[in-house]
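Undergrad: Shown below is the structure under consideration.
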Amino acid sequence: MACLVPRDGRPLVLKHWVDEKGNSCFMLLPRGLSIAWAEDPSYWAWLPPPPGEGSDGNAAGEEVAELKNVWSLEVNGKLELSQLTPGATYEVAFEVMLKQGCAGWQVPVDLQLELPGARAQGRKESMEKKARGQWLALYGGGFCPIATTRCI
771 MACLVPRDGR
781 PLVLKHWVDE
791 KGNSCFMLLP
801 RGLSIAWAED
811 PSYWAWLPPP
821 PGEGSDGNAA
831 GEEVAELKNV
841 WSLEVNGKLE
851 LSQLTPGATY
861 EVAFEVMLKQ
871 GCAGWQVPVD
881 LQLELPGARA
891 QGRKESMEKK
901 ARGQWLALYG
911 GGFCPIATTR
921 CI
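First residue of the sequence shown? That's 771 in the numbering used here, and the numbers climb one at a time after it.
Now the structure itself:
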């Protein structure tokens, strides 16, 4: 069962659930991310969730950020490692949907995962030939946390 965690009366920013192995799982919702120019309506629109489910079959049920027009894109998120299950393997992914007819994705997207005290993991993902109109998971990296109070 999942719960959505409110933050000081602001929009919900985090979804939490426990998997079948008893590990804590988290999804940072769009309002829980730092998105460049997110509050500028000429670049982004905040919309109700589309019908259907996310790529993991587990729709968050919260608003989505729709990119309108930017020359560069930067999205960051942080999560305290102390919330994670030590020894479990975690993956970081961005869940995205490309609209039908969208253009400008000829340059690959740079995905990066930075862990405290570790070298950053990175990879490039070509979006040009990705399916349109369906949820896709873009993987940024994986890790196995140790007990700590630091953030990723």
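Backbone N, C-alpha and C define an ideal beta-carbon position, used for all residues, glycine too. All figures in this text were calculated on a predicted structure; none of them were measured in a lab.
Tell me whether the beta-carbon of glycine 874 lies closer than 8 Å to the beta-carbon of leucine 881.
TA: no
Undergrad: Could you give the distance in angstroms between the alpha-carbon of glutamate 861 and the alpha-carbon of glycine 912?
TA: Glutamate 861 and glycine 912: Cα-Cα distance of roughly 4 Å.
Undergrad: Could you spell out where the beta strand (DSSP E) holding serine 794 opens and where it closes?
TA: 794 to 798
Undergrad: Under the three-state reduction of DSSP, which class applies to leucine 883: helix, strand or coil?
TA: strand
Undergrad: Give the straight-line distance between the Cα atoms of asparagine 793 and tyrosine 813, rounded to the nearest whole angstrom.
TA: 37 Å
Undergrad: Tell me which residue opens and which closes the beta strand (DSSP E) that valine 897 is part of.
TA: Here residue 897 turns out to be methionine, not valine, going by the sequence shown. Premise fails: methionine 897 is in no beta strand (DSSP E) and is neither H nor E.
Undergrad: Looking only at its own chain, which residues have a Cβ that is under 6 Å from the Cβ of serine 804, when we skip the five neighbours before and after it?
TA: In its chain, beyond the 5 residues on either side, Asn846 have a beta carbon closer than 6 Å to the beta carbon of serine 804.
Undergrad: Hey, would you say glutamate 898 sits closer than 8 Å to glutamine 870, going by beta carbons?
TA: no
Undergrad: Excluding sequence positions up to five away, which residues of its chain have a Cβ less than 6 Å from the Cβ of glutamate 884?
TA: Ala890
Undergrad: Would DSSP call serine 891 helix, strand or coil?
TA: It should be noted that the sequence gives glutamine, not serine, for residue 891. DSSP places glutamine 891 in strand when its eight states are reduced to three.
Undergrad: Using the three-state DSSP reduction, which class does glycine 802 fall into: helix, strand or coil?
TA: helix
Undergrad: Measuring alpha carbon to alpha carbon, tell me which residue in Tyr909, Ala835, Glu865 and Pro819 is nearest lysine 894.
TA: Looking at the Cα atoms, Tyr909 is the closest of the given residues.
Undergrad: Given this structure, state the Cα-to-Cα distance separating valine 783 from tryptophan 905, to the nearest angstrom.
TA: 19 Å
Undergrad: Evaluate proline 800 with the Cβ neighbour count: other Cβ atoms within 10 Å of its Cβ, from every protein chain shown; 16 or more gives buried, anything less gives exposed.
TA: Label assigned to proline 800: buried.
Undergrad: Along the beta strand (DSSP E) that carries alanine 901, what are the first and last residues, could you check?
TA: Looking at the DSSP string, alanine 901 is not in any beta strand (DSSP E), and its letter there is neither H nor E.
Undergrad: Can you have a look at valine 866 and say buried or exposed, based on whether 16 or more other CB atoms are within 10 angstroms of its CB?
TA: With 16 or more other Cβ atoms from the protein chains shown falling within 10 Å of its own Cβ, valine 866 counts as buried.
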